[in-house]
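Peer 1: Sequential numbering of the sequence shown, starting at 5, is according to my numbering.
The beta carbon of each residue, even a glycine, is placed where N, CA and C say it ideally should be.
The structure presented is a predicted model; accordingly, all values stated were derived computationally and were not measured.
A single structure is presented below for examination.
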Amino acid sequence: MIFVAVGTQFPFDRLIRCVDKWAANQQETIAAQIAHGEYIPQHIRWERFMTTEVFNQTLQQANLFISHAGMGNIITALEQQKPIIVMNRQSELGEHRNNHQTDGLEWMEKLSGVYTARTCEELEILLNNKGDLKANQQMSLDRRKSLINFIDQVIQA
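Written out as structure tokens, the structure reads:
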């Protein structure tokens with residue numbers, strides 16, 4: 005099962021549309037949290053919002069996590085040992101106020117278990133090769149603190 009989450013602050017129709025298009029020709033079960041998006045998926049199971057409990061249960065069942073470039077989701081995927089595909093929102097497309105998610109992709113893709121897609125085409129390539137995507141090993145508390153400190157430094161830069 006694949007789990008897609010766009011966060012709660014902004015819609016991310018481009019990501020949902022990309023996954024829905026790919027899902028049209030697949031047998032894979034896909035669940036998505038779509039927030040306030042205008043696009044209504046036709047080929048995936050979706051909810052606008054999920055309680056923390058439902059979110060965690062869905063992620064536990066998933067063998068792949070697809071997300072906006074939100075730090076909370078990335079850290080959760082690493083902790084849960086789930087491979088994660090991250091797609092960034094782009095301010096020039098009206099998906100966010102600025103391009104901080106774009107700026108962070110270069111260092112995100114260096115993290116073990118984190119894969120990045122800037123376009124639907126890149127996302128489709130990753131999905132077509134999802135069997136090759138490996139999760140990060142269990143993240144230690146020290147490593148988590150180090151990652152959080154690094155993220156803080158990048159955001160403040």
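Taking Cβ positions, are R122 and N92 nearer each other than 8 Å?
Peer 2: Yes, the pair counts as a contact, with Cβ atoms nearer than the cut-off.
Peer 1: Using 8 Å as the Cβ pair cut-off and three pairs as the minimum, do the region 58-66 and the region 122-131 touch?
Peer 2: Short answer: they don't touch.
Peer 1: Taking the alpha helix (DSSP H) that L68 belongs to, which residues open and close that run?
Peer 2: Per DSSP, L68 belongs to no alpha helix (DSSP H); it is in the beta strand (DSSP E), L68 to H72.
Peer 1: Going by other Cβ atoms of all chains shown within 10 Å of its Cβ, with 16 needed for buried, is D24 buried or exposed?
Peer 2: D24 comes out buried.
Peer 1: Counting Cβ pairs, one atom from each stretch, are 3 or more of them under 8 Å apart for the region 78-90 and the region 132-141?
Peer 2: Yes, they touch.
Peer 1: When the Cα of E126 is compared with those of M75, G74 and I70, which residue comes out closest?
Peer 2: For the residues M75, G74 and I70, the minimum Cα distance to E126 belongs to I70.
Peer 1: Under a Cβ-count criterion, where at least 16 other Cβ atoms within 10 Å of its own Cβ denotes burial, should A28 be classed as buried or exposed?
Peer 2: Result: exposed.
Peer 1: So, using beta-carbon positions, are A36 and I48 closer together than 8 Å?
Peer 2: A contact, by the Cβ cut-off of 8 Å.
Peer 1: Within the same chain, show all residues whose beta-carbon is closer than 7 Å to that of Q13, passing over the 5 residues directly before and after it, in chain order.
Peer 2: Cβ neighbours of Q13 beyond the five flanking positions: none.
Peer 1: If Q85 and M5 are in contact, beta carbons under 8 Å, what's the gap, nearest whole angstrom?
Peer 2: 15 Å between Cβ atoms; not a contact.
Peer 1: Leaving out five residues before and five after I34 in sequence, what residues of the same chain have Cβ atoms less than 6 Å from its Cβ?
Peer 2: I6, A27 and I48.
Peer 1: Among F16, L68, A73 and E32, which one has its Cα closest to the Cα of A139?
Peer 2: Selected option, being the one with the closest Cα: L68.
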